[in-house]
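In terms of my numbering, the sequence shown opens at residue 18 and continues consecutively. Note that CB positions come from ideal geometry on N, CA and C, so glycine has one too.
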Amino acid sequence: MDVVERLVEQHPDSALNLLDSLVYPTNLNKRQYNRYMLLELQAKDKSYKDITSDTAIWGVKNYYLQKKDYPNAAMAAYYCGRVSTEQTRYDRALYHYLEAEKYASSSDNINLKGLIQSGMGEVLIYRFLSKQALPRYQKALGYFLQSNNYKNVAITYLSIGSAFYVEEKIDSSFYYSFKALDVADKCNDRGLVSDIKQSISLFYSNLKKYKQAKAYLLECLPNIAEEKKSIIYAKLANILSLESKVDSAKGYLHEAIRSQKDEKDNAVLANIYESWSLLEERSGNYEKALEQNKKYTDCVINIIGDNEGAALLNMQKKYRFEQLKNENITLTLQKQRILLYSSLGIIVLLAGFLFYYRKYTLSKRHELEAEQKIYHLLNMAKSYSEKEITFRNALLEQFEILKKTASLENYIRQGDSNRSKLLLRKFNEIVYGQDTLNWERLYRVMNDLHNGFFDLLRERFPLLEEDEFRICCLTYTQFSSSEISIIMGQSINTIQMKRSAIRKKLQIPSKGNIPHFLDETIRVSYK
Numbered sequence: 018m019d020v021v022e023r024l025v026e027q028h029p030d031s032a033l034n035l036l037d038s039l040v041y042p043t044n045l046n047k048r049q050y051n052r053y054m055l056l057e058l059q060a061k062d063k064s065y066k067d068i069t070s071d072t073a074i075w076g077v078k079n080y081y082l083q084k085k086d087y088p089n090a091a092m093a094a095y096y097c098g099r100v101s102t103e104q105t106r107y108d109r110a111l112y113h114y115l116e117a118e119k120y121a122s123s124s125d126n127i128n129l130k131g132l133i134q135s136g137m138g139e140v141l142i143y144r145f146l147s148k149q150a151l152p153r154y155q156k157a158l159g160y161f162l163q164s165n166n167y168k169n170v171a172i173t174y175l176s177i178g179s180a181f182y183v184e185e186k187i188d189s190s191f192y193y194s195f196k197a198l199d200v201a202d203k204c205n206d207r208g209l210v211s212d213i214k215q216s217i218s219l220f221y222s223n224l225k226k227y228k229q230a231k232a233y234l235l236e237c238l239p240n241i242a243e244e245k246k247s248i249i250y251a252k253l254a255n256i257l258s259l260e261s262k263v264d265s266a267k268g269y270l271h272e273a274i275r276s277q278k279d280e281k282d283n284a285v286l287a288n289i290y291e292s293w294s295l296l297e298e299r300s301g302n303y304e305k306a307l308e309q310n311k312k313y314t315d316c317v318i319n320i321i322g323d324n325e326g327a328a329l330l331n332m333q334k335k336y337r338f339e340q341l342k343n344e345n346i347t348l349t350l351q352k353q354r355i356l357l358y359s360s361l362g363i364i365v366l367l368a369g370f371l372f373y374y375r376k377y378t379l380s381k382r383h384e385l386e387a388e389q390k391i392y393h394l395l396n397m398a399k400s401y402s403e404k405e406i407t408f409r410n411a412l413l414e415q416f417e418i419l420k421k422t423a424s425l426e427n428y429i430r431q432g433d434s435n436r437s438k439l440l441l442r443k444f445n446e447i448v449y450g451q452d453t454l455n456w457e458r459l460y461r462v463m464n465d466l467h468n469g470f471f472d473l474l475r476e477r478f479p480l481l482e483e484d485e486f487r488i489c490c491l492t493y494t495q496f497s498s499s500e501i502s503i504i505m506g507q508s509i510n511t512i513q514m515k516r517s518a519i520r521k522k523l524q525i526p527s528k529g530n531i532p533h534f535l536d537e538t539i540r541v542s543y544k
């Protein structure tokens, strides 16, 4: 493909043959395949092959856009425009050329920029917008001069001449056409010189200057291949027919057919037989006109057959590629499906492991939590004394601390094998499954022991909720967070959160001491 890229500009036929003979698209990876498709379309277009069915170029453009390869995206967009132009879908073609212009703006491919402008000019001419086409051709000319592509310079001069001809600016038309001829002569491109002279001949013929028209056609004959002379002979016959020189016209038509003896180009032969049929019809020779028209029809049928055959081969080629591509996609999907199922299996196993691990850790956490609560409860029981009259002892007595710890000790001594699973549940049944504390009675004890502390607290801070009052009382009487959580049947975290809420309501600093603050506040209120 590197060789093809070097050949495609000057020798597109050789480039196309090389691609067809050496490259099998199904052996290519995605990057190589898209490059192949772009090079093949370039070679076909420059070889004047039919490209109307080459719509795969849209996918090539999208591939390069996804890769952010804007130079190649610009080239692909340009050929999207060329395909659309050949399909006579001029609005779509103009859209693709504008797209190509945008992608090529940061590219250093000056020649491509010129081709894009020239393509837009061509579409505008087809849309009978020659005035808008001229600035595009002028821009294209500037790019081709900058890139020293004098063949394209000559072609662009001729295109400008044609645009002026449509505008009926004959002098300007001939001026640019002769400039095109001059550049082609300097390039020593005989084929291009012949094409330009044929265009100039057509201009003269349309102006009914038949002598000059014939002269330019005759100048073409010495410099072109024998098989291509039939086109010139057919054009000379048409001019002689316009001059009513029937015999001379027929003579050139005979020469045109003779030149096609080995080539057998159905498109050229169809043009010759059509011209001959019209010539005979104008002469009143209807039988001969019908005979030539039949030959013309046969050539048209052959053209259709050739096109269908070429299209069929192209379709078969694309079908084989698509078939293999689909097989590769199927294999890839199967691999992905196996990978997906394996991944799902691993995820299920992992989820199961995590589920049982979490269940195990929760069980251990509950066991540890129960053991810690029992430990704190036993310590609370040890601190209880019937002889001392304190709020703490009054609460522990009402809490039935001794009875509850005895029940738990009896349960622990049972040595049940499932004790770790049931410990927390048994703790909750024993500690919280009995009558609740009589807080009103406890508040009275606190008032008696601490000079009306609870009533003063309620009066001083009426915004506190019931739980918050209880936590304040327990904290003031030196109960720890663990002890408060057991007494109130709430977690230590909940107790800590409620203490934070109390600090906010009482406007105590975050690390401030609640008992000290209450002692100071209540003492002030008491005084």
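Looking at the structure shown, is residue 526 part of a helix, part of a strand, or coil, going by DSSP? To locate residue 526, count along the sequence shown from 1; it is residue 509. Of the three classes helix, strand and coil, the one that applies to residue 526 here is coil, per DSSP.
Decide yes or no for the touch test of the region 149-163 against the region 204-219: beta carbon pairs closer than 8 Å, at least 3 of them. no
Could you name the residues of the same chain whose beta carbon sits closer than 8 Å to that of residue 526, not counting the 5 residues immediately before and after it, in chain order? Within the sequence shown, the letter at position 509 stands for residue 526. Hits under 8 Å: 520.
Return the CA-CA distance between residue 487 and residue 496, expressed in angstroms with no decimal places. For the purposes of this step, residue 487 is taken as the residue at position 470 of the sequence shown. For the purposes of this step, residue 496 is taken as the residue at position 479 of the sequence shown. Computed Cα separation, rounded: 11 Å.
First through last residue of the alpha helix (DSSP H) which encompasses residue 83: To locate residue 83, count along the sequence shown from 1; it is residue 66. It spans 74-83 - the alpha helix (DSSP H) in which residue 83 sits, taken as one unbroken run.
Which two residues bound the contiguous alpha helix (DSSP H) that contains residue 506? Taking the first residue of the sequence shown as 1, we reach residue 506 at position 489. It is not in any alpha helix (DSSP H) - residue 506 carries neither H nor E in the DSSP assignment.
Option nearest residue 30 by Cα separation, candidates 49, 231, 61 and 119: As a working note, residue 30 is residue 13 in the sequence shown. If we check each option's Cα against that of residue 30, 61 comes out closest.
Report yes if the CB atom of residue 21 is closer than 7 Å to the CB atom of residue 45, and no otherwise. Residue numbering aside, residue 21 sits at position 4 when the sequence shown is read from its first letter. Residue numbering aside, residue 45 sits at position 28 when the sequence shown is read from its first letter. Their beta carbons are not under 7 Å apart, which means residue 21 does not touch residue 45 by this criterion.
Which whole runs of the alpha helix (DSSP H) in the region 199-270 are 4 residues long or more, in chain order? Secondary structure remark: continuous alpha helix (DSSP H) runs of at least 4 residues inside the region 199-270, in chain order: 207-223, 227-237 and 246-259.
Where does residue 413 sit, in a helix, a strand or coil, going by DSSP? Residue numbering aside, residue 413 sits at position 396 when the sequence shown is read from its first letter. Here residue 413 sits in helix by DSSP.
Along the chain, where does the alpha helix (DSSP H) that runs through residue 173 open and close? Taking the sequence shown and counting its residues from 1, the one referred to as residue 173 is at position 156. 167-183 is the extent of the alpha helix (DSSP H) around residue 173.
Can you find the residues in the same chain that come closer than 7 Å, C-beta to C-beta, to residue 182, ignoring five residues on each side of it along the sequence? In the sequence shown, counting from the first residue as 1, residue 182 sits at position 165. Within the same chain, and ignoring the five residues on either side of residue 182 in sequence, the residues whose Cβ sits closer than 7 Å to its Cβ are 190 and 220.
What does a CB cutoff of less than 8 Å around residue 33 pick up in its chain, not counting 5 residues either side in sequence? Position 16 of the sequence shown, counted from the first residue, corresponds to residue 33. Same-chain partners within the cutoff: 57, 60, 61, 64 and 66.
Inter-residue CB distance, residue 582 and residue 148 (contact presumed, cutoff 8 Å): Since the first and last residues shown for the chain are 18 and 544, residue 582 lies out of range.
Which residues in the same chain as residue 151 place their Cβ atom closer than 6 Å to its Cβ, once the five residues preceding and following it in sequence are excluded? What you label residue 151 is simply residue 134 of the sequence shown in a count that begins at 1. The answer, listed in chain order, is 180.
Output the boundary residues of the alpha helix (DSSP H) element that contains residue 163. Locating residue 163 in the sequence shown gives position 146, where the first residue counts as 1. Here the alpha helix (DSSP H) through residue 163 covers 147-163.
Counting only the same chain and skipping the five closest in sequence on each side, list residues whose C-beta sits under 6 Å from that of residue 505. Stepping through the sequence shown from its first residue, residue 505 is reached at position 488. If we look at residue 505 and ignore the five residues flanking it on each side, it has no Cβ neighbours.
Taking the alpha-carbon positions, what's the residue 550 to residue 89 distance? With the chain running from 18 to 544 in the structure shown, residue 550 is simply not present.
Within 10 angstroms of its Cβ, does residue 197 collect 16 or more other Cβ (buried), or is it exposed? Taking the first residue of the sequence shown as position 1, residue 197 is located at position 180. Counting every other CB atom within 10 Å of its CB across the protein chains shown gives residue 197 a total of 16 or more, marking it as buried.
Touch check for the region 364-374 and the region 479-493: three-plus C-beta pairs under 8 Å? no
Going by the CB atoms, is the gap between residue 258 and residue 266 shorter than 7 Å? In the sequence shown, counting from the first residue as 1, residue 266 sits at position 249. In the sequence shown, counting from the first residue as 1, residue 258 sits at position 241. Cβ atoms of residue 266 and residue 258: closer than 7 Å.
Which residue wins for smallest C-alpha separation from residue 464, given the options 117, 539, 529 and 393? Here residue 464 corresponds to residue number 447 of the sequence shown, with the count starting at 1. Of 117, 539, 529 and 393, the residue nearest in Cα terms is 539.
Proximal residues to residue 253 (C-beta, below 7 Å), its chain only, five neighbours per side dropped: Taking the sequence shown and counting its residues from 1, the one referred to as residue 253 is at position 236. Only 231, 234 and 269 meet the Cβ criterion.
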